[in-house]
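Sequence order for the protein chains is A and B. Quick note: the first sequence uses the working numbering, first residue 26, plus one each step. Quick note: the second sequence uses the working numbering, first residue 51, plus one each step. Take a look at the structure set out below.
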Amino acid sequence: GDSVTQMEGPVTLSEEAFLTINCTYTATGYPSLFWYVQYPGEGLQLLLKATKADDKGSNKGFEATYRKETTSFHLEKGSVQVSDSAVYFCALSESNTGTASKLTFGTGTRLQVTL
Amino acid sequence: DGGITQSPKYLFRKEGQNVTLSCEQNLNHDAMYWYRQDPGQGLRLIYYSQIVNDFQKGDIAEGYSVSREKKESFPLTVTSAQKNPTAFYLCASIKDPGRASWDGNTIYFGEGSWLTVV
């Protein structure tokens, strides 16, 4: 079955540092890939997505590129802020199903940014 | 503003008791879902419902029950049969689960409910 593997956290960075959170996946078909973010006390929010190979998703300074050859979708940000402190989830869905029941999540990576 | 409301946010249960977690949405979404989140694990699907009066088991349905009598509501009951109920529970909804192309933008999540067995 489909699976998502994320780097373990917590990740602790100083403000303005460069961020990379690794995510790799296994899937039988051609999945869409997502990054969700969960701020303290809130539900999950979609951060960015990519629906086919070589697509780059971007939002709020975060970027991730869909790499089919390495089955990866690593999240990056050039300069993190304290407000970026949250838990980040990598997820995939089987294409053309349109149902959340097929959304497979990684374990989540907690990011803590300090001044 | 439209959204998903889960309650209670924190709940303590004695062993052997059933508890019900509420999930209400005013987004006019068709499908609703319950996920369980445990430390060090991803979200795992418990139950989902694509239309009123119909629901399906997810990956870890044992020890849980749901109902979908109204489009807006999808309560989850954690029964005494659930061996390890202490977890964070997330409810989600999506407008049209039958769309041909997936769009993660259409998934909305609630803020979650923490259940602790004491």
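C-beta atoms are modelled at their ideal positions from N, C-alpha and C, and glycine is treated no differently.
Original post:
Does the distance from the CB of B/R118 to the CB of B/S99 come in under 8 Å?
Top reply: Yes.
Original post:
What are the start and end residues of each continuous beta strand (DSSP E) run of 3 or more residues lying completely inside the segment 90-125 of chain A, in chain order?
Top reply: 100-102, 111-118, all fully within the segment 90-125 of chain A.
Original post:
Hey, A/P56 and A/S97 are a contact pair by Cβ (cut 8 Å); roughly how many whole angstroms apart?
Top reply: That pair is no contact at about 12 Å.
Original post:
With a cut-off of 8 Å, do at least 3 Cβ pairs link the segment 87-97 of chain B to the segment 64-73 of chain B?
Top reply: No, they do not touch.
Subject >> Distance CB(A/L38)-CB(A/V107) smaller than 8 Å >> reply: 8 Å or more divides the Cβ of A/L38 from the Cβ of A/V107.
Subject >> Distance, A/E40 Cα to B/H79 Cα >> reply: Cα atoms of B/H79 and A/E40: separation of roughly 39 Å, rounded to the nearest angstrom.
Original post:
Helix, strand or coil: how does DSSP classify A/E88 here?
Top reply: A/E88: strand per DSSP, three-state reduction.
Original post:
Taking only beta-carbon atoms, is A/G133 less than 8 Å away from chain B?
Top reply: Yes, contact with chain B.
Subject >> From A/V29, A/A111, A/D27, A/F59, residue whose alpha carbon lies closest to that of A/L44 >> reply: Answer by Cα proximity: A/A111.
**OP:** Taking C-beta pairs closer than 8 Å, name the residues in chain A that B/L140 reaches, listed in chain order.
**Re:** Result: G68, L69.
Subject >> Under 7 Å from the C-beta of B/F62: neighbouring residues of chain A >> reply: Per Cβ cutoff of 7 Å: no residues; B/F62 is ~18 Å from chain A at best.
Subject >> Where A/F130 meets chain B, residues with beta-carbon distance less than 7 Å >> reply: Per Cβ cutoff of 7 Å: G92, L93.
Original post:
Since B/G160 meets chain A, which of its residues come closer than 7 Å, beta carbon to beta carbon?
Top reply: Within chain A, G68 have C-beta atoms less than 7 Å from the C-beta of B/G160, given in sequence order.
Original post:
Based on Cα-Cα distance, which residue from B/N76, B/S123, B/E161 lies nearest to B/N103?
Top reply: Out of B/N76, B/S123, B/E161, B/S123 has the C-alpha closest to the C-alpha of B/N103.
Original post:
Taking C-alpha atoms, which residue in B/P125, B/V168, B/Q132, B/A137 lies nearest to B/E74?
Top reply: That would be B/P125, whose Cα lies nearest to the Cα of B/E74.
**OP:** Going by CA-CA distance only, name the one from B/I101, B/V167, B/S163 that's closest to A/P65.
**Re:** That would be B/S163, whose Cα lies nearest to the Cα of A/P65.
Original post:
Beta carbon of A/T129, beta carbon of A/V29: below 8 Å?
Top reply: Taking C-beta atoms as the reference points, A/T129 and A/V29 count as a pair closer than 8 Å.
Original post:
What's the call for A/F114, buried or exposed, on a 16-neighbour Cβ count within 10 Å?
Top reply: Buried is the call here.
Original post:
Going by Cα to Cα distance, which pick from B/A81, B/E161, B/K120, B/T127 is closest to B/K145?
Top reply: Of B/A81, B/E161, B/K120, B/T127, the residue nearest in Cα terms is B/A81.
Original post:
How many angstroms separate the CA atom of B/A150 from the CA atom of A/G26?
Top reply: In this predicted model, B/A150 has a pLDDT of only 44, less than 50, meaning its place in the structure is not dependable enough to derive any value.
**OP:** Quick one: residues in its chain with C-beta nearer than 8 Å to the C-beta of A/Q70, no 5 flanking neighbours on either side, listed in chain order?
**Re:** Taken in chain order, the residues that qualify are Y61, V62, Q63, Y64.
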